[in-house]
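A.B. asks:
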Amino acid sequence: MPIHPSVKKLLLNIMKTFPDVAIHMLRLARTHRSIALCTTEMVGEFARLTTQAMRDGNQAVVQSHLKFMSGLLRVADEKTREYIDVYYVEELFFGLTLKQKKTAWSWLPANLKQLYVAMWGELE
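So this note's numbering is basically just the index in the sequence shown, starting at one, shifted up by 68.
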């Protein structure tokens with residue numbers, strides 16, 4: 069099963085920019101024995117790691133992840149936009165306390181906030 073070129077570029081950009089994240093994403097791909105079979109889960113893993121940094125209060129990591137994804141969203145084609153929206157933004161904030169969510173929300177760039185609100189509504 070071939071990987072859509074935009075998705076391949078997205079995954080490579082994430083892994084090249086964040087080698088520490090790449091380790092987790094590639095470990096996930098190995099469990100599936102294929103990158104092509106877990107592209108959505110790999111982007112979801114990046115979201116999970118962003119959320120973990122939110123939980124830990126690691127503002128530098130969170131903001132670097134969010135700034136990166138916000139920049140990609142600005143120039144994204146339809147497929148990349150779908151992946152950022154559905155498999156990254158929609159996965160953010162799960163398992164955080166309300167206080168953690170409010171803190172992290174203030175770090176979220178406007179274009180990513182718009183995607184989140186379109187799916188989940190305003191943050192409480």
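All C-beta atoms in this analysis are idealised placements derived from N, C-alpha and C, irrespective of residue type, glycine included. Fair warning: this is a prediction, and the values are worked out from it, not measured in the lab.
Under 8 angstroms by Cβ, that's how I've got residue 96 and residue 110 pegged, so tell me the actual separation to the nearest angstrom.
C.D. replies: One-based indexing of the sequence shown puts residue 96 at position 28. One-based indexing of the sequence shown puts residue 110 at position 42. Correct: roughly 6 angstroms between the Cβ atoms.
A.B. asks: Taking 8 angstroms as the threshold, find out whether the region 93-107 comes into contact with the region 130-141 through three or more Cβ pairs.
C.D. replies: Touching, no.
A.B. asks: Might you give, ordered along the chain, the residues of its own chain that have their beta carbon closer than 7 angstroms to the beta carbon of residue 156, omitting 5 neighbours on each side?
C.D. replies: Position 88 of the sequence shown, counted from the start, is the residue given in the question as residue 156. Excluding positions up to five away in sequence, the list reads 111, 114, 115, 137.
A.B. asks: Any chance you could list the alpha helix (DSSP H) runs of at least 4 consecutive residues sitting entirely within the region 102-160, in chain order?
C.D. replies: 107-124, 127-142, 146-150
A.B. asks: For residue 122, count the other beta carbons within 10 Å of its own beta carbon; 16 or more makes it buried, fewer makes it exposed. Which is it?
C.D. replies: Position 54 of the sequence shown, counted from the start, is the residue given in the question as residue 122. Flag for residue 122 reads buried.
A.B. asks: Can you check which of these residues, 176, 150, 142, 154, is closest to residue 132 by C-alpha distance?
C.D. replies: For the purposes of this step, residue 132 is taken as residue 64 along the sequence shown, with counting starting at 1. The shortest C-alpha separation from residue 132 is found at 176.
A.B. asks: For residue 79, which of 98, 99, 103, 70 has the nearest alpha-carbon?
C.D. replies: As a first step, residue 79 must be located in the sequence shown, where it is residue number 11. Per the Cα distances, 103.
A.B. asks: According to DSSP, simplified to helix, strand and coil, what is residue 177?
C.D. replies: Counting from 1 along the sequence shown, the entry for residue 177 is found at position 109. DSSP places residue 177 in coil when its eight states are reduced to three.
A.B. asks: Check each candidate in 128, 153, 161, 125 and name the one with the smallest Cα separation from residue 75.
C.D. replies: Numbered from 1 along the sequence shown, position 7 holds the residue referred to as residue 75. Of 128, 153, 161, 125, the residue nearest in Cα terms is 153.
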